Amino acid sequence: MTDVAIKRALLSVSDKSGLVELGQVLAAKGVELVSTGGTARALRDAGLTVKDVSDLTGFPEMMDGRVKTLHPMVHGGLLAVRDNPEHAAAMDEHAIGAIDLVVVNLYPFEATVMRGAERDEIIENIDIGGPSMVRSAAKNHQFVTIVTDPADYQTLIDEIEATGATSLDFRRKCAAKAFAATAAYDSMISQWFAFADQQQLFPDFLAINGKDPVELRYGENPHQKAALYTPAGPHGKGIAQAEQVQGKELSYNNYNDADAALELCAEFAGGEPAVVIVKHANPCGVAQGATLLEAWNEALACDSVSAFGGIVAVNTELDGPTAEAICEIFTEVVIAPSVSEAAKAAFAKKKNLRLLVTGDLPDPRRGGLLVKPITGGLLVQTRDNGAIQASDLKVVTQREPTEQELKDCLFAWTVARHVKSNAIVYARDGATAGIGAGQMNRRDSSRIAAMKAAEAAEKYGWDQSRTVGSAVASDAFFPFADGLLAAAEAGATAIIQPGGSIRDEEVIAAADEAGLAMVFTGMRHFRH
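According to this note's numbering, the sequence shown holds residues 138 to 665 in order.
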């Protein structure tokens with residue numbers, strides 16, 4: 138069987154967009170409309186003749202609408218295999234009429250949770266009859282059309298207006314979409330029970346759901362395929378929800394790097410104007426300043442070589458002068474909470490540059506889980522949302538840091554937590570002076586960061602490297618004194634690190650001998 142004529146339709150929807158138009162098309166084709174509750178009222182208000190489900194079942198809706206469609210007269214009409222003689226005989230014997238089309242979308246469970254409803258209301262918005270009808274119709278898609286998404290109404294209308302029937306290809310696609318919809322719905326409910334209701338950190342079953350995929354040009358490399366999904370269920374907003382004002386479509390790497398830039402920039406929300414420049418998911422320049430333009434110039438000076446083709450994020454409205462300055466180098470993506478008209482005009486000259494407006498910055502202290510696939514399993518951990526402030530620091534050297542050194546230590550620490558391990562960050566006066574990332578040992582990260590700072594001094598004609606008089610942050614403890622000594626050789630005067638090494642005393646002694654001030658945070662920030 139291929140085409141199935143639509144003679145009777147059952148409609149029961151929470152999202153009533155497009156409902157009346159669909160009902161009018163069905164009625165014009167002589168389709169009998171069967172419905173429930175608010176859906177029936179909406180159709181009748183539009184002047185359409187509608188039969189109540191209770192007319193089919195012989196039972197009224199009861200128990201506050203909890204029981205209305207869970208009945209053999211409904212599910213028999215959905216599940217009967219029409220060309221099976223035994224099924225046909227059962228339908229005749231019990232006067233069960235076939236239902237050819239089911240249009241259902243489910244109670245708004247996600248929206249109810251997102252608006253902070255009380256537990257009892259959330260429970261009442263767990264749909265039971267809807268998913269049952271959806272699954273019955275989808276299972277029997279050889280004979281029944283199931284539509285769960287208003288976006289599919291137009292295709293349904295086109296098919297019915299053309300032939301009065303639906304094609305097998307359309308029914309198969311809709312069935313697949315229907316099972317995906319009920320799977321996502323049930324997983325949302327299960328995750329709410331696990332995380333919100335039962336306060337479980339790692340539930341027995343972890344569902345990872347995405348919807349509305351946007352296929353990207355390719356993945357990390359051209360031979361890989363990629364897509365962007367939006368989480369199904371309550372979630373925060375970030376790069377995936379940003380408005381793209383201009384530029385080419387974003388690639389897989391653009392999304393990954395832009396996310397890294399936005400996450401670090403969010404650390405400076407509400408503070409002095411800040412600019413973050415990211416390349417290959419690592420910050421290569423970060424600065425705060427009295428103006429955004431000043432912050433841009435300071436961030437760029439840290440590593441102007443790596444900044445070429447990078448991602449830029451700012452923590453406040455992007456102004457025209459800063460946009461003009463950004464346009465002086467090749468930049469892939471610029472991200473801002475808002476953008477002035479002057480900035481938009483400046484970027485309009487760079488048609489390939491992607492400009493993203495986020496509205497707000499994400500909360501860097503938010504909770505959640507991070508999932509990383511490995512061969513044969515999933516590694517799951519809570520987000521690294523730990524934070525420290527000045528009162529959490531423990532001075533371990535003979536010399537205490539000055540007020541400015543302490544401020545630079547905290548700034549460097551903020552940046553270091555977003556740098557791939559092993560991470561070393563030099564900072565001075567609210568700007569990064571050198572960044573060493575992703576090395577197999579901490580000493581090499583220290584040396585690379587110092588080398589980049591020396592190159593910057595040579596390029597800009599400074600008297601000395603900005604690592605001189607800087608604070609240096611290490612994302613994990615120094616297992617040996619060599620990394621710390623490399624920082625001292627570069628001119629750093631203050632160190633911030635977690636501590637906790639069996640050689641802490643050796644490292645502290647080396648710091649004292651070099652006249653450094655060093656503080657321990659007691660918190661590590663590996664990022665692999």
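Ideal Cβ placement from N, Cα and C applies to all residues, glycine included.
All values derive from a computational prediction rather than experimental measurement.
ask   = If we ignore side chains and look at the alpha-carbon of each, how far apart do Gly-504 and Thr-519 end up?
value = When rounded, the distance between both Cα atoms is 7 Å.
Separation of Gly-234 from Pro-222, as counted between CA atoms = Whole-angstrom Cα-Cα distance: 15 Å.
task = Could you say which of Arg-145, Gln-535 and Gln-526 lies nearest to Trp-550 if we only look at CA atoms?
result = Ranking Arg-145, Gln-535 and Gln-526 by Cα distance to Trp-550 puts Gln-526 first.
Selected residue, minimal CA-CA separation from Arg-640, among Ala-623, Gly-659, Val-656 and Phe-615 = Among Ala-623, Gly-659, Val-656 and Phe-615, the Cα nearest to that of Arg-640 belongs to Phe-615.
Phe-548: first and last residue of the uninterrupted alpha helix (DSSP H) it sits in = Boundaries of the alpha helix (DSSP H) harbouring Phe-548: 540 to 553, taken from the DSSP string.
message = Can you tell me whether Asp-740 is buried or exposed? The criterion is at least 16 other CB atoms within 10 Å of its CB, across all chains shown.
response = In this structure the chain extends from 138 to 665, so residue 740 is not present and cannot be described.
task = Determine, using beta-carbon pairs with one atom in the stretch 384 to 392 and one in the stretch 510 to 518, whether at least three such pairs fall under 8 Å.
result = Result no; under three Cβ-Cβ pairs closer than 8 Å.
Per-residue burial, Glu-542 [other beta carbons within 10 Å of its own, 16 or more giving buried] = When all chains shown are included, Glu-542 counts as buried.
ask   = Contact between the stretch 526 to 541 and the stretch 576 to 596: three or more CB pairs below 8 Å?
value = No, they do not touch.
From Glu-404, Gly-407 and Val-415, residue whose alpha carbon lies closest to that of Asn-393 = When each option's Cα is compared against that of Asn-393, the closest is Val-415.
Secondary structure, alpha helix (DSSP H): runs of 4+ residues fully inside the stretch 409 to 451 = Within the stretch 409 to 451, the complete alpha helix (DSSP H) runs of at least 4 residues are 429 to 439 and 441 to 444.
request  = Give the DSSP-derived three-state secondary structure of Met-228 in the structure shown.
outcome  = In this structure, Met-228 counts as helix in the three-state DSSP scheme.
query = Name the DSSP beta bridge partners of Leu-493, please?
reply = Beta-bridge pairing by DSSP links Leu-493 to Gln-381 and Ile-472.
key: Supposed contact pair Ala-624 and Ser-583 - C-beta distance, whole angstroms, cut 8 Å   = Between Ser-583 and Ala-624 a beta carbon distance of about 5 Å is seen, short of the 8 Å cut, so the two are scored as contacting.
ask   = Apart from the five residues just before and just after Ala-183, which ones in its own chain have a Cβ nearer than 8 Å to its Cβ?
value = Sequence-distant Cβ neighbours of Ala-183 in its own chain, meaning closer than 8 Å and more than five residues away, are Val-157, Gly-160 and Gln-161.
query = Any idea if Ile-265 is buried or exposed, counting beta-carbon neighbours within 10 angstroms, 16 or more meaning buried?
reply = Under this definition Ile-265 is an exposed residue.
inquiry  = My output table needs one value for Thr-139: the three-state DSSP class, helix, strand or coil.
reply    = Coil at Thr-139, not helix or strand.
query = CA-CA distance, Ala-524 and Ala-406?
reply = The straight-line gap from Cα to Cα measures roughly 14 Å.
ask   = If we count the other Cβ atoms within 10 Å of its Cβ and call it buried at 16 or more, is Met-210 buried or exposed?
value = The residue in question, Met-210, is buried, as its Cβ has 16 or more Cβ neighbours within 10 Å.
message = On the DSSP letters alone, give me the boundaries of the beta strand (DSSP E) that Asp-349 sits inside.
response = Segment 347 to 352, the beta strand (DSSP E) holding Asp-349.
message = When you compare the CB positions of Pro-635 and Met-660, do they come within less than 8 Å of one another, or not?
response = A contact, by the Cβ cut-off of 8 Å.
task = Reducing DSSP to helix, strand and coil, say where Pro-510 ends up.
result = Three-state result, Pro-510: strand.
request  = Quick one: grab the DSSP three-state call for Tyr-597.
outcome  = In this structure, Tyr-597 counts as helix in the three-state DSSP scheme.
request  = Measure from the alpha carbon of Thr-453 to the alpha carbon of each residue in Ala-438, Thr-428, Ala-553 and Leu-492, then state which is nearest.
outcome  = Distance from the Cα of Thr-453 is smallest, within the candidate group Ala-438, Thr-428, Ala-553 and Leu-492, for Thr-428.
inquiry  = Taking only three categories from DSSP, how would you classify Phe-657?
reply    = Phe-657 falls in the strand class under three-state DSSP.
request  = Could you please give me the residues that DSSP links to Ala-112 through a beta bridge?
outcome  = Coverage of the chain is limited to positions 138 through 665, which leaves residue 112 absent and any answer about it impossible.
query = Buried or exposed: where does Gly-637 fall if 16 or more other Cβ atoms within 10 Å of its Cβ makes it buried?
reply = Exposed, because fewer than 16 other Cβ atoms sit within 10 Å of the Cβ of Gly-637.
ask   = Where does Pro-340 land, buried or exposed, given buried means 16+ other C-beta within 10 angstroms?
value = Result: exposed.
query = Among Ala-647, Ile-376 and Lys-348, which has the Cα closest to the Cα of Tyr-322?
reply = A check of alpha carbon separations from Tyr-322 across Ala-647, Ile-376 and Lys-348 identifies Lys-348 as the nearest.
query = What is the DSSP secondary structure of Ile-466, reduced to helix, strand or coil?
reply = Three-state result, Ile-466: coil.
request  = Could you tell me which residues DSSP puts in a beta bridge with Gln-279?
outcome  = In the DSSP output, where bridge partners are listed per residue, Gln-279 has none listed.
C-alpha gap between Val-494 and Gln-378, whole angstroms = Cα to Cα, Val-494 sits roughly 9 Å from Gln-378.
task = Rank Asp-456, Ala-315 and Cys-439 by C-alpha distance to the C-alpha of Ala-593 and give the top, closest one.
result = For Ala-593, the nearest C-alpha among the options comes from Cys-439.
request  = Within 10 angstroms of the Cβ of Arg-256, are there 16 or more other Cβ atoms? Answer buried if so, exposed if not.
outcome  = Here Arg-256 is exposed: its Cβ has fewer than 16 other Cβ atoms, across all protein chains shown, within 10 Å.
task = My understanding is that Arg-117 touches Gly-620, with C-beta atoms under 8 Å, so please give their C-beta distance in whole angstroms.
result = Past the edges of the chain, shown from 138 to 665, lies residue 117, and the structure says nothing about it.
task = Please work out which residues of its chain come closer than 8 Å, Cβ to Cβ, to Asp-307, disregarding the five sequence neighbours upstream and downstream, and give them in chain order.
result = It should be pointed out that residue 307 corresponds to Phe in this sequence rather than to Asp. Once the five neighbours on either side are set aside, the close Cβ partners of Phe-307 are Thr-282, Thr-292, Leu-293 and Glu-296.
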